Amino acid sequence: MRIRSLAPAGLVAVALVAAACGSSGSGGTAASGGGATVTTAKVMGATVLTNSKGFTLYWFVPDTSTTSNCNGSCVAVWPPVKGPVSAGAGVTGKLGTITRSDGSTQATYNGHPLYTYTGDTGPGQDHGNGINASGGVWHEVAVSGAPSKPSSSGGGGYGY
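So the sequence shown is numbered by my numbering: it starts at 578 and just counts up by one.
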């Protein structure tokens, strides 16, 4: 498995762009939002969860079924998906929510808190898959529940 590392300069750039856009701390990208529908799509040959706008959803290895370990500057790059969400076409796993340390509600899938990635600038991208950042590895959420292989879409260099 190839794991990508992120350059520190990228974090600063992404954080500044997110701040300039006036984003909230729990979801500053068009790829996230509360009360939305989670669906599925084929991305780089794998069937993965996406939000209603087609952006790939991710899970973070250090998280637990009750706790998100992506806080502080991490959420500027990996916005939590606000919960609750409803199941769309192809979603067969269990959707739920957790309460984050800041009191906000985050959506979960089969016990994994859900995130989007600011390096994905459009639907059907998975630039965050396999990245090692913020103390752990990020994976796209495969419908099977197993981690997907990191993409070869050249997404390295984003983030922090």
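Virtual Cβ for every residue (Gly too), placed ideally from N, Cα, C. Here the structure is a predicted model, which is why all the values come from computation and not from measurement.
Distance between residue j and residue i (C-alpha atoms, nearest Å)
i	j	result
Asn-742	Val-718	Only positions 578 to 737 of the chain appear in the structure, and residue 742 is not among them; the question remains open.
Val-662	Val-668	11 Å
Thr-676	Pro-657	11 Å
Thr-682	Gly-631	21 Å
Val-720	Asp-703	14 Å
Thr-643	Gly-696	26 Å
Val-615	Gly-699	16 Å
Ile-708	Val-638	11 Å
Tyr-635	Tyr-686	10 Å
Thr-633	Thr-617	9 Å
Gly-670	Gly-712	27 Å
Buried/exposed call for residue i, threshold 16 Cβ in 10 Å
i	result
Gly-599	Bear in mind that the predicted position of Gly-599 carries a pLDDT of just 32, short of 50, making it too unreliable to give a figure here.
Asp-679	exposed
Lys-738	There is no way to answer for residue 738, as the model of the chain reaches only from 578 to 737.
Gly-649	exposed
Val-654	buried
Pro-690	buried
Thr-693	buried
Ser-645	buried
Trp-715	buried
Gly-705	buried
Ala-710	buried
Ala-623	buried
Thr-641	exposed
Three-state class that DSSP yields for residue i in the structure shown
i	result
Ala-653	helix
Thr-632	Correcting the residue identity first, residue 632 is Phe in this sequence and not Thr. Phe-632: coil per DSSP, three-state reduction.
Pro-690	strand
His-716	strand
Gly-599	For Gly-599, the predicted model reports a pLDDT of 32, less than 50, meaning its position is unreliable and no value from the coordinates is stated.
Start-to-end residues for the beta strand (DSSP E) that takes in residue i
i	result
Asn-709	708-710
Ala-613	Note, Ala-613: premise wrong, no beta strand (DSSP E); not H, not E.
Ala-666	Taken as a continuous stretch (DSSP letters only), Ala-666 belongs to no beta strand (DSSP E), as it is neither H nor E.
Thr-698	From DSSP, Thr-698 is part of no beta strand (DSSP E); its letter is neither H nor E.
Gly-673	672-676
Chain D within 8 Å of residue i, Cβ atoms only
i	result
Ile-708	Of the protein chains in the structure, only one exists, and it is not chain D.
Strand pairing of residue i, partner residues [DSSP]
i	result
Val-625	Ala-618 and Ala-719
Thr-643	None, per the DSSP bridge assignment.
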